[in-house]
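Notes to accompany the following structure.
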Amino acid sequence: MVLPSLIGAFHLILATQIVAFALVAVSLQLLWGRAGQLSFGQAAFFGIGAYAYGYVSSRDSAGGWLAICVAVLIPSAIALLMGYFLFFGGVRGAYFSIVTLAFVLITYQVAISWQSVTGGDSGLTGINGLILQFGAFKLDFSTGQGPYYGALIFLLLGLIIATLVRFSSFGLVLEAIREDENRAKFLGYNTSLYLTGVLTLSAALAGLAGGAYASVSLIAAPDMVGSLLSIEILTWVAIGGRNHIAGALIGTAFMRILNDQASTLLQSSWPLVVGLVFVAVVLFFPAGIIGAFTNLRRRLTTYATKREAR
Numbered sequence: 265m266v267l268p269s270l271i272g273a274f275h276l277i278l279a280t281q282i283v284a285f286a287l288v289a290v291s292l293q294l295l296w297g298r299a300g301q302l303s304f305g306q307a308a309f310f311g312i313g314a315y316a317y318g319y320v321s322s323r324d325s326a327g328g329w330l331a332i333c334v335a336v337l338i339p340s341a342i343a344l345l346m347g348y349f350l351f352f353g354g355v356r357g358a359y360f361s362i363v364t365l366a367f368v369l370i371t372y373q374v375a376i377s378w379q380s381v382t383g384g385d386s387g388l389t390g391i392n393g394l395i396l397q398f399g400a401f402k403l404d405f406s407t408g409q410g411p412y413y414g415a416l417i418f419l420l421l422g423l424i425i426a427t428l429v430r431f432s433s434f435g436l437v438l439e440a441i442r443e444d445e446n447r448a449k450f451l452g453y454n455t456s457l458y459l460t461g462v463l464t465l466s467a468a469l470a471g472l473a474g475g476a477y478a479s480v481s482l483i484a485a486p487d488m489v490g491s492l493l494s495i496e497i498l499t500w501v502a503i504g505g506r507n508h509i510a511g512a513l514i515g516t517a518f519m520r521i522l523n524d525q526a527s528t529l530l531q532s533s534w535p536l537v538v539g540l541v542f543v544a545v546v547l548f549f550p551a552g553i554i555g556a557f558t559n560l561r562r563r564l565t566t567y568a569t570k571r572e573a574r
């Protein structure tokens with residue numbers, strides 16, 4: 265909470281972007297880590313949320329409740345339709361991943377072609393910052409340190425939702441589906457309904473993240489719905505540890521800071537370094553950073569127990 269007062273303006277922008285991106289990583293962790301459904305579509309939901317927020321806020325005096333609600337509702341509605349046709353149609357695993365990748369490519373093409381709404385290649389500009397009205401009381405997140413705190417509030421909301429899902433019966437059923445969907449069906453659960461629900465919730469959080477990011481950057485561009493961002497989101501969750509909510513946060517912060525430092529120091533060769541780091545983490549720490557620390561703690565505990573037994 266005191267971070268903005270300790271860092272400069274440039275690093276405050278980076279921290280705000282990390283907070284917004286962390287929310288979309290949490291949304292993927294909910295779908296991939298909790299339900300076992302690998303999606304390449306999070307960037308599409310993120311970008312749709314950004315465009316929705318931008319379109320509404322650019323036609324209003326500020327980005328308020330309406331802009332944020334639209335940024336959440338449109339991706340949710342699209343995900344609900346996708347879940348109905350895919351999951352109830354028996355699409356799972358690699359086929360689901362391929363369809364979500366195709367969805368990203370289609371969304372990217374729409375963002376470029378629909379110039380009257382999206383601004384085409386140049387993106388959507390004229391977006392207003394976030395100002396939330398509570399009757400006579402107004403919270404202005406559009407200037408100074410406001411964008412950081414606005415994005416942080418949305419991230420905390422996403423973390424609360426993800427945590428509630430984890431410890432709820434809904435989350436337990438999702439874990440059962442991840443481990444053995446056929447057994448979950450045998451126990452009487454409508455697995456397609458549960459998967460559609462978690463996809464819709466995941467898209468809602470991704471759309472919220474997109475709206476938060478647009479309120480900070482004040483632009484919605486085609487690269488926000490591109491396949492490159494989708495792959496980046498996957499790497500954040502994989503590196504942090506897809507089975508842990510904290511893994512999404514750690515992976516996002518680690519990779520975004522690494523990207524920033526590598527691009528500054530190495531200029532043209534920085535993508536190679538980032539790629540090598542990702543490969544190294546996947547090879548040597550397949551459970552991610554959180555998983556590596558968990559395994560290390562378990563081994564140290566076992567070693568200490570054995571020494572005490574002697």
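Going by my numbering, the sequence shown opens with residue 265, and the numbers climb by one from there.
By construction, the Cβ of each residue, glycine as well, lies at the ideal position given by its N, Cα and C atoms.
TODO: State the start and end residues of the unbroken beta strand (DSSP E) segment that holds residue 397.
DONE: 395 to 398
TODO: Count the C-beta pairs between the segment 421 to 431 and the segment 353 to 363 that are closer than 8 angstroms, then say yes if the count reaches three, no if not.
DONE: no
Task: Proximity to residue 347 [Cα-Cα], best of 378, 402, 462 and 551 - done: 462
TODO: Locate the beta strand (DSSP E) running through residue 401, then write down its first and last residues.
DONE: 401 to 404
TODO: Please look up how many angstroms separate the CB atoms of residue 302 and residue 491, rounded, as I've assumed it's under 8 angstroms.
DONE: 14 angstroms between Cβ atoms; not a contact.
- [ ] Tell me whether residue 484 sits in a helix, a strand or coil according to DSSP, three-state version.
- [x] strand
Open item on the list: Taking the straight line between their C-alpha atoms, what separation do you get for residue 316 and residue 342?
Closed with: 13 angstroms
TODO: Could you round the C-beta distance between residue 485 and residue 309 to whole angstroms and report it? I think they count as a contact, below 8 angstroms.
DONE: With 8 angstroms as the limit, residue 485 and residue 309 do not qualify as a contact, their Cβ atoms being about 16 angstroms apart.
Task: Inter-stretch contact at 8 angstroms, needing at least 3 Cβ pairs: the segment 561 to 572 / the segment 513 to 532 - done: no
Open item on the list: I need the boundaries of the alpha helix (DSSP H) containing residue 299, first residue and last residue.
Closed with: Note, residue 299: premise wrong, no alpha helix (DSSP H); not H, not E.
- [ ] Report yes if the C-beta distance between residue 312 and residue 338 is below 7 angstroms; otherwise report no.
- [x] yes
Task: Local conformation of residue 276 per DSSP, three classes - done: helix
Open item on the list: Bridge partners for residue 388 per DSSP, in chain order?
Closed with: 484
Open item on the list: Measuring straight from C-alpha to C-alpha, what distance separates residue 401 and residue 564?
Closed with: 53 angstroms
Task: Cβ shell of residue 376 (< 8 angstroms), same chain only, five flanking positions each side left out - done: 382, 384, 385 and 486
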